[in-house]
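Below is one structure, written out as structure tokens; the observations come after it.
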Amino acid sequence: MDQNVENHERLEKLEGIGCSRKRREDPRFIQGKGNYVDDIKLPGMLFAVMVRSPYAHAKIKSIDTTKAKAHPGVHAVLTADDLKPLKLHWMPTLAGDVQAVLADGYVSFQNQEVAFVVADDRYVAADAAELVEVDYEELPVVVDPFKALLPDAPVIRPDLDGKNVGAHGARKHHNHIFNWQIGDKDKTDRAFSDAEVTVAQDMHYPRVHPCPLETCGSVASYDAIRGDLTVWITSQAPHVVRTVVGLLSSIPESKIRIISPDIGGGFGNKVGVYPGYVCAIVASIVLGRPVKWIESRSENLTTTAFARDYWMSGELAADKSGKIKALRVNVTADHGAFDACADPTKWPAGMFHVCTGSYDIPNAHVSVDGVYTNKFPGGVSYRCSFRVTEAVYLVERMIDVLAQKLNIDKAEIRKRNFIKYEQFPYLTPLGLEFDSGNYMPALEKVLEAVDYNALRAEQAQKRADPTCPTLMGIGITTFTEIVGAGPSKSCDILGIGMFDSCEIRVHPDGSAIARMGTISQGQGHQTTYAQIIASESGIAASQIAVEEGDTSTAPYGLGTYGSRSTPVAGAAVARASRKIREKARKIAAHLLEVSPDDLEFDLDQFKVKGDPAKAKTMKEIAWAAYNNVPDGMEMGLEAVDYYDPPNFTFPFGAYLCVVDVHKKTGETKVRRFYALDDCGTRINPMIIEGQIHGGLTEGFAVAMGQELPYDEQGNVLGGTLMDYFLPTSMETPHWETDFTVTPSPHHPIGAKGVAESPHVGSIPCFSNAMVDAFAHLGTTHFNMPYNSYRVWQHAKSLGL
Amino acid sequence: MKVELDKSLTLPVAASTGWSLVENIEGMASCMPGAKITERVDATHYKGTITVKLGPATVSFKGELEVVAIDPVARTIHVIGKGADTGGGSGASLDLNAVVKEIGPDTCELSGVSVVNVTGKVAAFGSRLMGTVTDQLLKIFFDNVLAKAQELQASAPTAEVTPARAAAPVVEAKFNGLAFVWTIVKDFIASLFGRPKTG
């Protein structure tokens, strides 16, 4: 009994994998003690503001900075001409294109960066920015990617004149970026020719923005004496930023220090390198003083990295029983004025080829065309892995379209097409190997929890009643995500494989510090990484400090986005911990004078097999590591691991949503949302719950209101929080969550990643529910976002 | 954003008098609340400014006007303009075709078709207000043109000059901002209930 109590106490103290350990980050955040980029204040620091173009497409005839420079308190006004001698007026993008740092003779989107004003404070800089006189000559604007491909469409990128081959192959038009295809086209076309039933649906995934609470910004500080450059920056990938800055500036990476302090949300918005960062660095080098540049909310919403803007045409071929034979997809991808997507180098449409979803589809073919328009650049993964939200949206919508055509229940058609448990690992027709999944029990658990049959009966009753003021819609998604980019054989950024890293040092007192190449933006890495180390090495989580985001101390890593921290860095953490444990085993054997093989690891100590009284705790071993190690062994107790994953991980989920839509006003109430997620091994259930709530809320935001529309003159109309929907607790529905556990077979602890599944899975679930509400009236699809006006318009078009 | 305006106004003056109003660019500009011609570059080129209050923000545009075509016989005029706000955040362009048609000996109709393109902050932030604000500006503009026309009519040689002048409404050089905002608010509230806009 005493032994059990003691074991339980040890386990509790360890706070390892599976514990709902409270977030270590929260005490500082809830007390307002976080340290964000805009909190950085350095002696002599100056502040910068961008001068931006009001026009979406214009020639710059002249820029007169005289008045701005003469304004009291102004230190410098940079234009492209100032950057030219440094060859910094253009910079490479992560997608193999180039982007103007400051407009070089023309602007190609509204709010494009034209000049950079550096002054004593942000107010003086803002005043002086208004004194920069730019003479523009307006040019015709194109914001529609289909019109951009017409023969006589305006040339958006004169700098690419004559370049018929881009970073991803041939360009077929002056506004064309790439065509990317995957899958067996002939076999897929044949399957369609032979099919008993085919369906087709066009859909637009609107241009949205991750809209993190903290906008982007940086503080650059160049020390001319030492030749060191330090940049505090809101970056999800600080090491990648260091490499880019090194490439641009020719300063060796050893002289560059990038620090990502606390970050107020990223969601993909903070992966890239933006003109403001480059200008702040140049200004600091030129002026010899630190320079801070922080975006306004509208600058964030209209210039730094949008997401999606995918025009998708999906087709399914099936037999009469609803068994799918083939999927065919054509996408026109609006990338804006510069191709600044954040995707692995080889995949210009990211992992869109996960679009066969949770279904056993034998044939598939995908073709994606990237197009330039007069809109701001981006194409990042907003709370998802590269283009996975788009892919999941497509297949989850298409299967509903097929169900409606065949009059098969939307849960039943999914069951008929699921990849079966015994088929894993499953090779998709588009070349991905799904590691593990168990879809049927997940869906059945959800259907039972919500009493699906009763919901359908209620819906039928309401449809039969013409006096019912509302339409009831039931949406289902059974999605599979692909995360954890990724294996270096297929994934790299700027030629660097997408591994990640962990370094652990155990101190003489048995406490430890761990550093990673990732960077938390709210995911709770300081909490969860320590739990992995605790379980794997026996050091209590409370004794472990986790540090990220400083390139001068952390090992090189590719950063945090695409739910890659747990699948990639989490694996490095587990493996580094195991290296610590194995060295500790040898030291314990030496101390206990037995063979290492005679020891067994038990939570936080090594015990001699068959003689458990003889044991050494990790604390004792750590002390010995600095004074009493076996002959020939190095002193100290530390380990480094760089983990190159053998495959991606494939979290999945089954979601169900019930909506009530008012026929006359279009007002929609989300009555119920039930989300079951399977992310493999669960490291911290409380953090998982929080991540799922966050992801569902952002999914709700996208489906029900977020959009960055443009008018024909290229004005972006969603650039304030008055126009751009950011749900608060007032609008957000109640979430019900559930889980199953299907570990990843190739991940060291079986974990798959979770933060993005609820976003990816919920958006099509809302769409499916909204379409389902109108399905009996013949609706197979209508586009997001489902604000009351749009829904009312749709209801009206049906004569309601 | 693009605003297309197609408006007409009946003036209680002879077509020739109406035309004399239209061809006087400075005079016409002074009828537009917040607008003025600052420089006459030559017979067909002008420089001017216009200050517009859009909700909580005030924007001042500085620009150029060009009379592309003018036909005193047919009484038509084609004017194009282009400007930018003084802070550099917005741009605007105008393409206006106006004609004065004779209706009777003492009555004519002034009609104008114009396309206004607005870009930048004004379009991005003020799009919801643009329609109502434009309607209100035009309403005041027409009131002012009408007043000027009446003034011209009154000062015609056949009329009794002094009393008529006294009777003619004074053209407001500065329009009443508060009343203007109130009309916009009233229109907005009316639009919520689906009633047609006033003015």
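Protein chains in written order, with the working numbering: chain A, 805 to 1604; chain B, 5 to 203.
Positions of the beta carbon are idealized from the N, C-alpha and C atoms, including for glycine.
- Straight-line measurement puts the Cα of A/Met-1574 at about 8 Å from the Cα of A/Tyr-1590.
- Restricting attention to beta strand (DSSP E) runs no shorter than 3 residues, the region 32-79 of chain B encloses them at 39-44, 49-58 and 61-75, ordered along the chain.
- For B/Met-5, the neighbours in chain A by C-beta distance under 9 Å run, in chain order, Asp-1515, Glu-1516, Gln-1517, Asn-1519 and Leu-1521.
- Within the region 114-132 of chain B, the residues whose Cβ lies closer than 8 Å to some Cβ of chain A are Asn-121, Val-122, Thr-123, Gly-124, Lys-125, Ala-127, Ala-128, Phe-129 and Ser-131, listed in chain order.
- Contact between the region 1098-1114 of chain A and the region 1215-1229 of chain A is absent, with fewer than three C-beta pairs closer than 8 Å.
- A/Ala-1153 sits close to A/Arg-1191, with the two beta carbons spaced by under 8 Å.
- Exclusion of the five residues before and after B/Val-119 leaves Glu-8 and Asp-99 as the residues of its chain whose Cβ lies within less than 6 Å of its Cβ.
- In this structure, the straight-line span from the alpha carbon of A/Phe-1156 to that of A/Val-1133 is close to 10 Å.
- Listed in chain order, the positions of the region 90-117 of chain B with a beta carbon within less than 8 Å of a beta carbon of chain A are Thr-90, Gly-91, Gly-92, Gly-93, Ser-94, Gly-95 and Ser-97.
- Non-local C-beta neighbours of A/Asp-1147 in its own chain, meaning closer than 6 Å and more than five positions away in sequence, comprise Gly-1154 and Phe-1190, ordered along the chain.
- Contact between the region 1474-1491 of chain A and the region 1318-1326 of chain A is absent: fewer than 3 CB-CB pairs across the two stretches fall below 8 Å.
- DSSP places A/Asp-1481 in the strand class (E or B) of the three-state scheme.
- For A/Gly-1518, no alpha helix (DSSP H) segment is defined, and its DSSP state is neither H nor E.
- Between A/Tyr-1593 and chain B, the shortest Cβ-Cβ separation is not below 8 Å.
- If you ignore the 5 residues before and after A/Glu-1540, its C-beta comes within less than 6 Å of the C-beta of Tyr-1478, all in its own chain and listed in chain order.
- With respect to the 8 Å criterion, A/Arg-827 and A/Ile-1491 are classified as neighbours on the basis of their beta carbons.
- The three-state reading of DSSP puts A/Ala-1388 in helix, counting H, G and I together.
- According to the DSSP secondary-structure assignment, A/Tyr-1163 is paired through a beta bridge with A/Phe-1222.
- The alpha-carbon of A/Gln-916 is positioned some 20 Å away from that of A/Gly-900.
- In the DSSP secondary-structure assignment, A/Leu-1275 is bridged to A/Val-1465.
- Around the CB of B/Val-72, fewer than 16 other CB atoms lie within 10 Å, so the residue is classed as exposed.
- A distance below 8 Å separates the beta carbons of A/Ala-1144 and A/Gly-1183.
- Between A/Glu-1352 and A/Arg-1011, the CB-CB gap reaches or exceeds 8 Å.
- Of the residues assessed, A/Ile-1487 falls on the buried side of the cut-off, its CB having 16 or more other CB atoms within 10 angstroms.
- By the Cβ test, the region 1200-1214 of chain A is in contact with the region 1120-1133 of chain A, since at least three Cβ pairs between them sit closer than 8 Å.
- With a contact defined as Cβ atoms closer than 8 Å, A/Phe-1454 and A/Ile-1286 qualify at about 6 Å.
- In the three-state reduction of the DSSP assignment, A/His-980 falls in the strand class, which pools E and B.
- Distances from the CA of A/Tyr-1243 to each of A/Ile-1553, A/Thr-1282, A/Gly-1277 and A/Ala-1195 were compared; the closest alpha carbon is that of A/Thr-1282.
- Residue state for A/Met-1155 is assigned as coil, using DSSP reduced to three classes.
- About 7 Å separates the Cβ atoms of A/Ile-1223 and A/Tyr-1163, confirming a contact at the 8 Å cut-off.
- Under DSSP, A/Phe-1543 forms a beta bridge with A/Asp-1481.
- Contact between the region 1061-1074 of chain A and the region 1003-1021 of chain A is established, with three or more Cβ pairs separated by less than 8 Å.
- The criterion of a C-beta distance shorter than 8 Å is not satisfied by A/Ala-1559 and A/Ser-1548.
- Taking 8 Å as the cut-off, the beta carbon of B/Thr-123 is found closer than this to the beta carbon of A/Asn-1519.
- The C-alpha of A/His-978 is placed about 16 Å away from the C-alpha of A/His-861.
- For A/Pro-1568, no CB of chain B lies under 8 Å from its own CB, so it is not counted at the interface with that chain.
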